[in-house]
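Using the numbering used here, the final residue of the sequence shown is 159, and nothing's skipped along the way. Heads up: the structure comes next, in structure tokens.
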Amino acid sequence: MIEHAGDNVDRQEIQKFEALASRWWDPHSEFKPLHDINPLRLNYIDQRSPLKDRRVLDVGCGGGLLSEAMALRGADVTGIDMGEAPLAVARIHAEQSGAQVRYLQQTAEAMSAAEPESYDI
């Protein structure tokens with residue numbers, strides 16, 4: 039895991055999701071609530087700010103459930119997370135599904151400094 043200074047990173051939370059990463063895309067796992075709510079949150083976002091051709095930053099993207107869904111709706115998505123294992127799962131799943139998502143292990147603060155005013159959503 040990349041070490042970052044800052045109070046906004048909860049190391050215990052990252053470790054928890056690292057341990058669960060292999061089950062991220064299993065709709066019957068601990069991530070069932072995310073699978074259940076993903077269509078609702080995807081439609082909510084898309085109705086309020088249509089995703090097609092928009093640049094989207096998904097902060098705390100985990101295994102990529104929402105990132106991938108937004109990319110498949112035509113958004114140019116960058117997903118950031120501090121967990122290596124969830125990002126690895128996200129990259130593999132996106133490759134298998136054909137979704138084009140850029141995944142980075144980075145904090146929101148570092149991303150904001152690196153790419154200010156770069157995203158629509």
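Note that CB positions come from ideal geometry on N, CA and C, so glycine has one too.
Report the rounded CA-to-CA distance for residue i versus residue j, giving the unit in angstroms.
i	j	result
Ser-105	Thr-145	16 Å
His-42	Asp-114	In this prediction, His-42 has a pLDDT of 49, which is less than 50 and means its spatial position is unreliable; nothing more can be read from the coordinates.
Gln-53	Gly-121	8 Å
Phe-69	Cys-99	13 Å
Ser-156	Phe-55	28 Å
Check this for me: beta carbons of residue i and residue j, under 8 Å apart or not?
i	j	result
Leu-103	Leu-72	yes
Leu-89	Met-108	yes
Val-94	Asp-48	no
Asn-162	Glu-147	There is no way to answer for residue 162, as the model of the chain reaches only from 39 to 159.
Do you know whose CA, among the options, lies nearest residue i's CA?
i	options	result
Ser-135	Asn-46, Trp-63, Val-97, Gln-53	Trp-63
Pro-124	Gln-143, Ser-150, Thr-116	Gln-143
Ala-140	Glu-68, Arg-86, Glu-56, Asp-96	This sequence places Arg at residue 140; Ala is not what is there. Ranking the options by Cα distance to Arg-140, first place goes to Asp-96.
Ile-83	Ala-59, Gly-112, Gly-101, Ala-132	Gly-112
Is residue i buried or exposed, if buried means 16 or more other CB atoms sit within 10 Å of its CB?
i	result
Ala-128	buried
Asp-91	exposed
Ala-151	exposed
Asp-119	buried
Ile-130	exposed
Ala-57	exposed
Since residue i is in the alpha helix (DSSP H), which residue starts that stretch and which ends it?
i	result
Arg-92	From DSSP, Arg-92 is part of no alpha helix (DSSP H); its letter is neither H nor E.
Trp-127	Residue identity check: residue 127 is Val in the sequence provided, not Trp. Run containing Val-127: 122-135, per the alpha helix (DSSP H) assignment.
Could you spell out the range, first to last residue, of the beta strand (DSSP E) harbouring residue i?
i	result
Gln-143	139-143
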